[in-house]
Every structure is written in structure tokens, then in C-alpha cells.
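Visitor: I'd like to ask some things about the structure below.
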Amino acid sequence: ASLSWRPLHLPSADWQRAALSLWIHRTFRELLKEEDVHLTYQDWLHLELEIQPEADALSDTERQDFHQWAIHEHFLPESSASGGCDGDLQAACTILVNALMDFHQRRW
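Each residue of the sequence shown is one higher than the one before, counting from 88 in my numbering.
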């Protein structure tokens with residue numbers, strides 16, 4: 088039987104602080120630059136769309152806050168050469184809509 092990992096208790100503020108600490112940590116930022124582990128905005132969207140709400144460690148509100156933070160603080164300002172959107176909100180929205188369409192088509 089497959090066991091899904093889910094923390095027994097992780098207060099929202101602690102979770103947000105931990106996620107922010109990870110994302111801004113120098114070693115993690117350097118790791119993101121590695122070709123083999125690099126996560127593009129499009130790849131990240133595809134992974135996020137696969138998350139099952141009933142198995143998510145985050146509440147809906149926490150997940151939405153994380154999405155807004157990741158998009159505005161990481162993927163939107165990141166260069167397109169690095170998998171981001173070059174600060175172009177229209178490009179970010181286009182990638183988002185395309186990811187949603189791809190996800191929907193795979194489901195049907």
C-alpha cells in the first residue's frame with residue numbers, strides 16, 4: 088500500500104517561513120541554476136496542477152499564497168533563458184493558460 092506523507096501539524100506561519108527560507112537560501116538558489124534540477128515556470132505549473140487537494144499539506148489559502156509568491160517573486164522576474172517570464176505578465180499568463188489547457192486535454 089502506498090503511504091502518502093502528510094505532516095501531522097505544521098502551523099501556517101512556520102510553513103511559510105520554512106518555504107521562504109528555502110527559496111532564498113543561497114545554496115538552494117545555486118541549485119536552481121543547475122541544468123539537471125532547473126525548474127521552469129511551465130514545469131512548475133505542470134507539477135502544481137498535479138497536486139491533489141485532498142493530499143495537499145497546504146490549505147487552499149496557503150496554496151494560493153504560495154502560488155502568488157512563487158509567480159510574482161520568482162518566475163515572473165526570472166529571465167526567459169532561465170525558465171521565467173522576463174517580467175512580462177502577459178507572457179506569464181500565456182504560459183499559465185497553455186499549461187491549464189494541456190492539463191485539461193490530458194485529463195480527457
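Glycine is no exception: its CB is placed at the ideal position from the N, C-alpha and C atoms.
So, for Ala186: in the same chain, excluding its five sequence neighbours on each side, which residues have a beta-carbon less than 7 Å away from its beta-carbon?
Guide: Excluding positions up to five away in sequence, the list reads Gln129, Leu132, His133, Leu136.
Visitor: Along the alpha helix (DSSP H) that carries Ser155, what are the first and last residues, could you check?
Guide: Going by the sequence as given, residue 155 is Gln instead of Ser. Unbroken alpha helix (DSSP H) run through Gln155: 147-156.
Visitor: So, at 7 Å on beta carbons, what are the nonlocal neighbours of Asp173 in its own chain, with the 5 sequence-adjacent residues on each side left out?
Guide: Ser166, Ser167
Visitor: With DSSP run on the structure shown, which of helix, strand or coil describes Leu176?
Guide: helix
Visitor: My understanding is that His75 touches Gly170, with C-beta atoms under 8 Å, so please give their C-beta distance in whole angstroms.
Guide: Look at the range of the chain in this structure, 88 to 195, and you will see that residue 75 is not part of it.
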